[in-house]
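Chemist:
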Amino acid sequence: MNAKDRARRIKMIIMDVDGTLTDGTILVLPDGEELKSYNVKDGAGILLAHLVGLKTGIITGKTSKALEKRAEKLKIFEIYQGILDKKKALSEILEKTGLKPEQIAFIGDDIGDLEVLKSVGLAGAVADAHPEIKKICHFVCSHPGGKGAVREFIEFILEVQDKWDEIEENFKILTEQKEFKL
Ligand SMILES: [Mg+2]
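In this text, residue positions in the sequence shown follow our numbering: the first is 2, and each later residue adds one.
#1: Do you know how far the Cα of tyrosine 81 is from the Cα of valine 121?
#2: With a threshold of 16 other CB atoms inside 10 Å of the CB of methionine 2, please say whether the residue is buried or exposed.
#3: Just checking aspartate 43 against ligand 1 - is the residue's beta carbon closer than 7 Å to any of the ligand's heavy atoms?
#4: On the three-state DSSP scale, how would you describe threonine 176?
#5: Could you tell me which of Glu170, Ile155, Ile174 and Gln178 sits nearest to arginine 1, measuring between CA atoms?
#6: Express the C-alpha separation of aspartate 19 and glutamate 34 in angstroms, rounding to a whole number.
#7: Between glycine 109 and ligand 1, is there a pair consisting of the residue's CB and a ligand heavy atom that are separated by less than 7 Å?
#8: Can you confirm whether the segment 105 to 119 touches the segment 13 to 30 when touching is taken to mean that 3 or more C-beta pairs between the two stretches lie within less than 8 Å?
#9: Throw me the rounded Cβ distance for the glycine 109 and isoleucine 77 pair, which I believe falls under 8 Å.
#10: Shorter than 7 Å, the distance from the beta carbon of aspartate 6 to the closest heavy atom of ligand 1, or not?
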């Protein structure tokens, strides 16, 4: 089955954080606090997915308060932080949502994502992902992590599902109601 046929069945998009939603950079302050930067294009992509009823989630190995805030702002459906076994977190999400593995898309960048990527309907890799990850993914982005890869992955799914008219319509309604904020 090709990536387009896989993308047609997707109802939820789950993302890794470091190296996927970020470029992998972590700035460590003297007090030990960590800073990361997120890309507004990826954030807007997540909001577009929500506009047409796709669910989103995050599964990350690390834990960060800032990520919690970012996820809250973007209304990300499920957030799993400090997760070593990402496949187990995926099972919990499947149980909670009633979705099947083939209805899930996951995008990641490194070896920690390998098992979960092998378990989902549509596996995506950022352009600068580990070669072993790229090898098993159905869709390899042309953008690197933190630089629009998540946006590209989401737009691929939206395009295949022919969602642009619906997005335009819902976007118009929400901007009139001033409810679409990046
Ligand atoms: Mg990563």
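For every residue, glycine included, the Cβ atom is placed at its ideal position computed from N, Cα and C.
Modeler: Result, derived from the coordinates:
#1: The residue you call residue 121 lines up with position 120 of the sequence shown. The residue you call residue 81 lines up with position 80 of the sequence shown. Here the C-alpha atom of valine 121 lies approximately 17 Å from the C-alpha atom of tyrosine 81.
#2: One-based indexing of the sequence shown puts residue 2 at position 1. Methionine 2 comes out exposed.
#3: Along the sequence shown, read from residue 1 onward, the residue named residue 43 stands at position 42. Outside the cutoff, so no.
#4: Translated into the one-based positions of the sequence shown, residue 176 becomes position 175. The answer is helix: DSSP assigns threonine 176 an H, G or I state.
#5: An answer regarding residue 1 cannot be provided, because it is not within the stretch 2 to 183 covered by the chain.
#6: Walking along the sequence shown from the start, residue 34 turns up at place 33. Walking along the sequence shown from the start, residue 19 turns up at place 18. Taking C-alpha positions only, glutamate 34 is separated from aspartate 19 by approximately 16 Å.
#7: Sequence index remark: in the sequence shown, residue 109 carries index 108 (1-based). Yes, the beta carbon of glycine 109 sits closer than 7 Å to at least one heavy atom of ligand 1.
#8: Counting C-beta pairs closer than 8 Å gives three or more between the segment 13 to 30 and the segment 105 to 119, which meets the contact rule.
#9: Mapped onto the sequence shown, residue 109 falls at position 108. Mapped onto the sequence shown, residue 77 falls at position 76. The Cβ separation is near 16 Å, so there is no contact.
#10: In the sequence shown, the residue the question calls residue 6 occupies position 5. For aspartate 6, the Cβ stays outside the 7 Å cut-off from all heavy atoms of ligand 1.
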